[in-house]
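Chains as they are written, first to last, in the UniProt record's numbering: chain F, 1 to 267; chain R, 1 to 284; chain A, 1 to 379.
Cβ atoms here follow ideal geometry from the backbone N, Cα and C, with glycine treated the same way.
Please read these numbers as outputs of a predicted model, since none were measured by experiment.
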Amino acid sequence: MLVWSRSGRFLVWTVAALLIGVVFLAPLAVILAASFAAQWNGALPSGFTLEHYRAAGTGASGDAVFASLATGVAASVLALLSGTWAALALRAQGPAWSRTLGILFFVPSAVPSVSVGLGLLVAFSQRPLLLNGTTAIVILAHFVLISAFSFGNVSAGLARLPPDFEEVASCLGARPAYRLAKVTLPLIAPYVVAAFGLSFALSMGELGATVMVYPPGWVTLPVAIFGLTDRGDVFSGAALTMILVGVTLTLLIGLERLPIAAAGRRG
Amino acid sequence: MSDLAAAPAAARPNLNGLWVAPPLIVLALSFLYPLALIARSAVLGETGAPDWSGVLATLDSRPFLNALLNTGEIAVASTAGCLALGLALALILAFVPFPGAPLAARLIDTFIALPTFLITLAFTFLYGSAGILNGALTQGFGLAEPPVHFLYSAWGVILAEVTVYSPFVLRPLLAAFSLIDQSQIEVAGLLGARPWRIVRSVILPAALPAAIAGGSLCLLLTVNEFGIVLFIGAKGVITLPLLIYDKAIQESDYQAACVIAIVNVALSLGLFGLYRVAARRLGG
Amino acid sequence: MTAAALGDGRTATQDLVRAGAASTVGFDKVSVAYRGAVVLKPLTLEVAAGEILAMIGPSGSGKTTALRAVAGFVRPVSGRIRVGGTDVTDLPPYERGLAMVVQNYALFPHMRVADNVAFGLRARGAARTLIESRVDDALGVVGMRTFRKRYPRELSGGQQQRVAIARALAVRPRVLLLDEPLSALDAQIRRSMVEEIARLHADLPDLTILYVTHDQSEALTLADRIAILKDGALCAVGRTADLYRRPPNRFAAEFLGRANLLPVVIEDDRSVGGMVAVRAGADRLLVAGDGAPAGTRRLLCVRPQHLTLTAELGYSNRIGGRLRQVHWQGELTHLVAEVGDSLVRIVATRLPALPERGGAVDMFFAPGDASLIPEEAGV
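In C-alpha cells form, the structure reads like this:
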C-alpha cells in the first residue's frame, strides 16, 4: 500500500475509476447501448430495439459473420500448425541459428498489415500463383499476420518446459514421434490453446490486409462494419461490432475453461 | 573391444535440422516473396523498366511527406500517452489496489484481443458531432453548433490509439511491479518517505526496462495502425498505411503504393529491431 | 519382479523390453565438451553387473555429465560408452534400454500414476497384458499399488519419487540411472528412501545402478563402489569401505567424511606384508605403503572413529598427544588432541572414564584403517 491516508486513497481511487471508466468502460458501454438503440437524437440514445441484431443475422451481415468465423478458424489452425512446427523444429538448431530464424518467424508481426495485403495482392495477381479474388488470399493474409503470434506463444511454452520430461521419456524408450505426441504436446497444450485464442481474436479484428485483398463475395466483419459506418449506418455497425466482440470473448473464455488448457497449470 | 574404443566417434548425419524447412518455405512463399515483389514493383514502372523518376516523384510528393510527418507525430504522441496512462494505472493497480482491481486489470487486458477500430466507432458515439458529449453541451448551453471537434483531427487518432495500446504498456509494467518487494515500500513509508519519493526512488527505476520495452512496442504498433485512422476518416489525417490503401485501392497507382509500402516496412522493421534490442538488453 | 516373469511369447518389439540380464557399463576415455569447454575429461571406468556405483563430487565435477553421456543426452567428443558389452555411443537414448530417475521426479503431470508407470512399456509397444502385470509388479515393489488412479500432483514428494522409481523399473532396464534422486526430499524422508532403495537392490540383485549424488552419506549407505569426481576428472574410485578407510588423496579423504591428516615421514620403505614404517613426531607407526621411498613426506589419514583411547587387539599403532577438548554427547564423545602442530579428532563410542583435559593421551588405530596420501591439497 503506497498511499496511507484514507482521504489520499479515496482520491487516488476516484482518479482510477474515472480513468478506467472514461477510457475503457465508456467505449464498450456506448457501443452496447447504440447496438440496442432505436434512435439517438439527443445526448443519449432512446428506445430499445433488437432490429440491428436481427438484421445482422441475415443477408450481407450474416454472410460477414460466417466469412469472419471461417477465415478466423482456417487461418488460426494453419498458423497454429505452422507456428508449432517452427517452434519445435527450431529446437534442433544451434543457438545462433535458432535465434536468427526465431526473429525471422517474428518479423511478419512487425510489418504493417496494409503492406502485407499489398504484397499478397502484387504477388498473387500474377503467374505462377493466381489467388487474387479468391477467399484463399484472405485466409493467407490472416495467416501471415497471426503466424508470428502462434509461433511466439508456442515457443514461450517450449522454453518453459523443463527438459527432464522429454529426457526421461526418451530414456524409457519413447521414439521422437511418440514422445512428441504423448509428452511434449500435452505439456505445452495450454500455450497451444492460448496461441489459438489469440490468433483467432486477431483474425476476427483484422482490417488492414483484408481491405486490400478481399473479393466481393467474402466480406469479413471488420470490412462489413466499416462499410456500414462509412454509409452512416452506425447502429447496425455497432450491432455487428458487438457480435464480433461477443464471438471473440466467448471463444477466449471458452478456451480458457478447456480441461486441456488447465492441465498444465494444475500439474 | 579395443579397436572399437580407438575408433573416432562416428559422425551420424544429423538431419534433424531439416525439420525447420517446411515452415520456412511457407514463410518465404507467403511473406518474403510478396515483400520482395513489393520492392520490385516499386522500382519497375508500368512498362517493366526501372523507373527511378517515378520513385523519386512519389517520395517527393506532398501527400507522402505529410503522411510521413503525420505518422511520426501521431506515433510519438500516442506512445507518450500510452506510457503516461499505463504508468498511472499500473501504479494504482499494483500499489493502491482497490476492491475489483483484478477485474479492472482484466477488462483493460481484453482490449489487446479486440479490434482497434471498435474504439473509433465508440468515440463517434461519445465525442462525434452528434455524440453524447456534443449533444449534452448543445442541449445544456443551448448552442447552435456542436463545440467539440477534436475527434476529426490527429487528436482523435491519438486518443483512440492511447486507449487501444496502453494495455501493451500496462501489462509489462504490472509484471515488473509484481517483482518489487512490497515490504521495501512499507518500510520506506514507515520511515516517513512521501509516496512520490517512493515512486521516484524505488518503483520507477525497477519499472524502467518494462516501460522502455512496452513503449517501443507501442511505437511500432502505432506506426502500423490502420483501422483507427480509416474509421475516423478525417481528410487531414492521413498516415502511411492509409496512404498506401488510398494509392492502391482508390487510385490503383500500385507503383506509388509499393514505394510508400517499402518506406513504411523499413520504418517498422527499424522499430522492431529497436524493440528487440530494448526487450533483450533491459528485460534480461 | 524377477526375470522369469517375462517368459512368454517374445516378439521383436518385446525383445526391447527384455528382462534386464545384469549389464555392465563401461566408460572408455569418455570426454565431453560443452560449447568448447571440457566438462568431462577422458574418463575410464567400469561398472560391474549388478552393482551400485555411486558417482559423487561437488557441483561442476562432471558426475551428472557422465550419467547423461550414458543416457545418451550428451554426446562425447571422444571415447566410447558400452552397456552390457554393446557400444551404445552412437545409439539414441530410446534405443539404449535404460531407465532414469531424476531429482524432481519428472512424472508426467497429465497422466495418472498407472499410466506414468506404463509409459516406457507402451512406448516400446509392449502387449496390454504384459503392461498390466508389469505396472502392478512395479507399483507393488515401491508400495504404491493403491495410488494407481491418482495424478502426480495428488502425491507427496516421497510418493512421487516412488512412482518415478516404479516407472523406471517397469521397463526392466539394463541399467538404472539415478540422478540426485533424493535431493528434493527433506532429510527424514531422504533417510527412509535410502533404506528403501537399499532394500530394492537386495530384492533385485541383477539390477545395475549408476547413482549420482553430491551427498556422501547416501553414497556410503548404498554404493558397492564409489567414484569421486572433481573438476571433470575422476579423482578416486574403489570399494566403498576401502575408499572410506584408505582414501588415496586428500580430496577423497575429506569429501567422504571427517579425516585426521597427520604429517609423517616414511622411515623405512621395506614393505612387510604391504606395511611400511613411518614416523610421526616421536611415534613410529606401521601403515600400508604407497611405494614412495624412505624420506618422503606424506599425510597419514585416519578417521576420527577409527581411533581409540584404549589399547585393543589389532590396534597396534600408538600416537601420543595432549588432550585439548572433550565433548560428551551421550552416545558419542568427541575429543580433540594435539599431536605436534596438528589437531587430531577422536570419536569414541565408549570410554572407561572421561579423560582429563590437558593431560597426556595415547591414541590407537589398526594399520588397515589408515592410508598415506600425498601432501598437496589437490588430487
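Under DSSP, the beta-bridge partners assigned to W328 of chain A are A:T333. Under DSSP, P263 of chain A takes part in a beta bridge, and its partners are A:L299. Contacts between C218 of chain R and chain F, judged by CB atoms closer than 8 angstroms, are missing: the closest CB pair is about 13 angstroms apart. Closest in alpha carbon position to D246 of chain R, among F:V114, F:G83 and F:A141, is F:V114. Per DSSP, Q160 of chain A is one residue of the alpha helix (DSSP H) stretching across G157 to A170. Taking a contact to require three or more Cβ pairs closer than 8 angstroms, the stretch 225 to 235 of chain R and the stretch 195 to 211 of chain F qualify as touching. Under the three-state reduction of DSSP, D179 of chain A is assigned to strand. DSSP places D28 of chain A outside any alpha helix (DSSP H); the residue lies instead in the beta strand (DSSP E), whose first and last residues are V25 to Y34.
G45 of chain R has a beta carbon lying at 8 angstroms or more from every beta carbon in chain F. Proximity to L267 of chain R across R:A234, R:V277 and R:L221 peaks at R:L221, based on C-alpha coordinates.
When C-alpha distances from W196 of chain R are compared across R:G48, R:S41 and R:A88, the shortest belongs to R:A88. Annotation: the continuous beta strand (DSSP E) that includes A360 of chain A extends over A360 to F365. In this structure, the CA atom of L121 of chain F is about 50 angstroms from the CA atom of F119 of chain A.
Here D109 of chain R carries a helix assignment [DSSP, helix/strand/coil]. I52 of chain A and V70 of chain A have their C-alpha atoms some 15 angstroms from each other.
Residues of chain A whose Cβ lies closer than 7 angstroms to the Cβ of P186 of chain F are, in chain order, H110. Only F119, G120, A123 and R124 from the stretch 116 to 128 of chain A bring a Cβ to less than 7 angstroms from some Cβ of chain F. Not a single C-beta of chain R is nearer than 8 angstroms to the C-beta of G72 of chain F. G100 of chain R sits away from V169 of chain R, with the two beta carbons spaced by 8 angstroms or more. None of the residues of the stretch 45 to 59 of chain R has a beta carbon lying less than 8 angstroms from any beta carbon of chain F. The beta carbon of A166 of chain A sits closer than 7 angstroms to the beta carbons of V117, A138, L139, V141, V142 and M144 from its chain, once the five residues preceding and following it are set aside; these are given in chain order.
Comparing alpha carbon positions, the residue from A:G125, A:L182, A:R174 and A:R112 closest to R148 of chain A is A:R112.
Straight across, the Cα-Cα distance linking G227 of chain F with V157 of chain R is about 19 angstroms. Taken atom to atom, the span from the alpha-carbon of G62 of chain F to that of I31 of chain F is near 19 angstroms. Contact between V102 of chain A and D164 of chain F is confirmed by a C-beta separation of about 5 angstroms, below the 8 angstroms threshold. In this structure, the CA atom of L24 of chain R is about 8 angstroms from the CA atom of A86 of chain F.
The beta carbon of A311 of chain A is closer than 8 angstroms to those of R318, D362 and F364 in its chain, skipping five residues each way along the sequence.
At a C-beta separation below 9 angstroms, Y245 of chain R has these neighbours in chain F: V114, G117, L118, G208, V211 and M212.
The C-beta distance from H142 of chain F to S82 of chain F rounds to 12 angstroms, too long to meet the 8 angstroms contact threshold. In this structure, the alpha-carbon of V287 of chain A lies about 7 angstroms from that of V278 of chain A.
For V344 of chain A, the closest alpha carbon among the candidates A:K29, A:G359, A:R324 and A:R350 is that of A:R324. What I146 of chain F touches in chain R, judged by beta-carbon distance under 8 angstroms, is nothing: the nearest beta carbon there is about 12 angstroms away. The three-state reading of DSSP puts L285 of chain A in strand, counting E and B together. In this chain, the alpha helix (DSSP H) harbouring S216 of chain R covers L204 to N224. Separation of the CB atoms of A206 of chain R and I180 of chain R is rounded to 5 angstroms, and the pair is thereby assigned contact status at 8 angstroms. In the displayed model, E338 of chain A falls within a strand according to three-state DSSP.
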